[in-house]
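Residue numbers (this note's numbering): 1 to 81.
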C-alpha cells in the first residue's frame with residue numbers, strides 16, 4: 001500500500017436528502033459503518049434516529065486517495081483504495 005502523507009486537513013461531511021435516497025447506504029460505503037442500529041430501524045428498514053460514522057480519507061504520495069473505516073461486522077479496521 002502507498003504511504004499516506006502526514007498533516008492532512010480534517011473535514012466534516014453531513015448528508016441531507018429525501019427518504020430512500022441512499023444517505024445511510026452512502027455513509028456505509030464511505031465508512032464501512034451501517035448507522036441504522038436501533039432495533040426498530042432494522043425491523044422496518046428505515047432510519048429513525050440520527051446516525052454518524054467516523055472515517056479517515058488519506059491522500060498518498062502518488063496522488064491517490066484511500067479511506068479507512070470500521071468493518072460493519074465489528075472486525076478490525078478495513079482499508080479500501
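Where a beta carbon is used, it is the ideal one built from N, C-alpha and C, also for glycine.
Item to check | Exposure of residue 17, with buried meaning 16 or more beta-carbon neighbours within 10 Å | outcome: Taking all protein chains shown into account, residue 17 has fewer than 16 neighbouring C-beta atoms within 10 Å of its C-beta and is therefore exposed.
Item to check | Residue of 46, 42, 54 and 7 minimising C-alpha distance to residue 19 | outcome: 46
Checklist entry - Should residue 32 be labelled buried (16 or more other beta-carbon atoms within 10 Å of its own) or exposed? => result buried
Checklist entry - Is DSSP giving residue 98 helix, strand or coil here? => result Look at the range of the chain in this structure, 1 to 81, and you will see that residue 98 is not part of it.
Item to check | Top-ranked residue by Cα proximity to residue 27, from 8, 51 and 42 | outcome: 51
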